[in-house]
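> Using mature numbering (1 follows the signal peptide of the UniProt record, and there is no 0), the letters of the sequence shown map in sequence onto residues -19 to -1, 1 to 165. Cβ coordinates follow ideal geometry from the N, Cα and C atoms, glycine included. No experiment lies behind these values; they were computed from the predicted model shown. Here it is, the structure, as C-alpha cells.
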Amino acid sequence: MKTLIFSLLLVAVTTFSQAQEITELEEAKVGFAPLDSKITRDGDSFTYKVNESYSGEFSKDAIGFMKANFDIQNFIAQFDEGEYNSYAVTLTSSKGFLSADFDEEGNLVKTYQKFKDIVLPLDVRREVYMANKGWTMTKNKYVASGRGDLIEKEDYKIKLEKGNQSKTMKLDPREARTSVASND
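As C-alpha cells, this is what we get:
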C-alpha cells in the first residue's frame, strides 16, 4: 500500500512540475503595412482609414492612437522617393479625422482634429448637465489643433434641445466658463 501511495505521489509531482514550464515570447513589432491599409494618396497627402478595436478608441485620444498605431519612420521608408520635404497624413474614422503634418525627418509639426457626435469626457458632461438641467444634447462637435504632441486650442460645440427650444453651447475644456447661443 505504501508503494502505491508513493508511486501516485511521484507521478503527481512529476506531472505538475512539467506543467509549470514558462514560455517566453519574443517582442512583436507592429508598423506600417501598406498592403493591409486603405490608403488614398494625393500628391504628398496620404489618407488612412482607421480600424478601431472598440468604438471611440480613435476619437478619445487621436494623437495617442496615431502614435501607437502609425510608424512614421516605416512610412517614410516605404514612400520616400527623395522628393518630399514634409508629409501630410490624415487618419479618418466614421466620427471624424486627425490631420497630422510631419517634417522630412518624421517629426510631428502640427495637428488638426475634428470629430462629431462623440462621447464627451466626464468633466465636460458634468459641466453641460449642471448648467443645463432638463435639456437634451442632440449633437456635438470637437475641434482641436496644436503643435507637435500638444493641443493648443480645443472646443466643444454642443447642440441642446428642450421641447421646441434649442440652443448651442460652446465649451473650452481648459476654461471653467461656457458660452451659450440660443435659437428660440
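Anyone know if the C-beta pair for GLY127 and PHE96 falls short of 8 Å?
As a position in the sequence shown, residue 127 is number 146, starting the count at 1. As a position in the sequence shown, residue 96 is number 115, starting the count at 1. No, Cβ-Cβ distance for GLY127 and PHE96 is not below 8 Å.
> So which of GLN54, TYR123, ASN145 and VAL(-7) has the shortest CA-CA distance to TYR137?
If you number the sequence shown from 1, residue 137 lands on position 156. Comparing Cα positions, the closest option is TYR123.
> Below 8 Å on the Cβ atoms is my contact criterion, and I expect SER74 with PHE51 to pass it. Report the Cβ-Cβ distance as a whole number of Å.
Numbered from 1 along the sequence shown, position 93 holds the residue referred to as residue 74. Numbered from 1 along the sequence shown, position 70 holds the residue referred to as residue 51. Contact flag wrong, Cβ pair sits at about 13 Å.
> Within 10 Å of its beta-carbon, does GLN94 have 16 or more other beta-carbons around it, so buried, or fewer, so exposed?
By 1-based counting over the sequence shown, the position of residue 94 is 113. Buried is the call here.
> Any chance you could list the beta strand (DSSP E) runs of at least 3 consecutive residues sitting entirely within the region 116 to 144, in chain order?
117 to 128 and 134 to 143, all fully within the region 116 to 144.
> Buried or exposed: where does THR4 fall if 16 or more other Cβ atoms within 10 Å of its Cβ makes it buried?
As a first step, residue 4 must be located in the sequence shown, where it is residue number 23. Answer is exposed; the Cβ neighbour count stays below 16.
> List in chain order: all unbroken alpha helix (DSSP H) runs of 4+ residues lying wholly within the region 51 to 110.
Here the runs fully enclosed are 53 to 60.
> Can you have a look at PHE(-14) and say buried or exposed, based on whether 16 or more other CB atoms are within 10 angstroms of its CB?
As a first step, residue -14 must be located in the sequence shown, where it is residue number 6. Answer is exposed; the Cβ neighbour count stays below 16.
> From the DSSP output, which residues share a beta bridge with THR28?
For the purposes of this step, residue 28 is identified with residue 47 of the sequence shown, where counting begins at 1. According to DSSP, THR28 bridges with THR21 and THR71.
> Quick one: any contact between the region -12 to -3 and the region 25 to 44, if contact means 3 or more CB pairs under 8 Å?
No, because fewer than three Cβ pairs between the region -12 to -3 and the region 25 to 44 fall closer than 8 Å, the two stretches do not touch.
> Near ASP84, which residues of its chain fall below 6 Å by C-beta distance, leaving aside the five closest residues on each side in sequence?
Here residue 84 is taken as the residue at index 103 of the sequence shown, counted from 1. The residues are SER67 and VAL90.
> Quick one: what does DSSP say SER147 is sitting in, helix, strand or coil?
Translated into the one-based positions of the sequence shown, residue 147 becomes position 166. In the structure shown, SER147 sits in a strand (DSSP, three-state: E or B).
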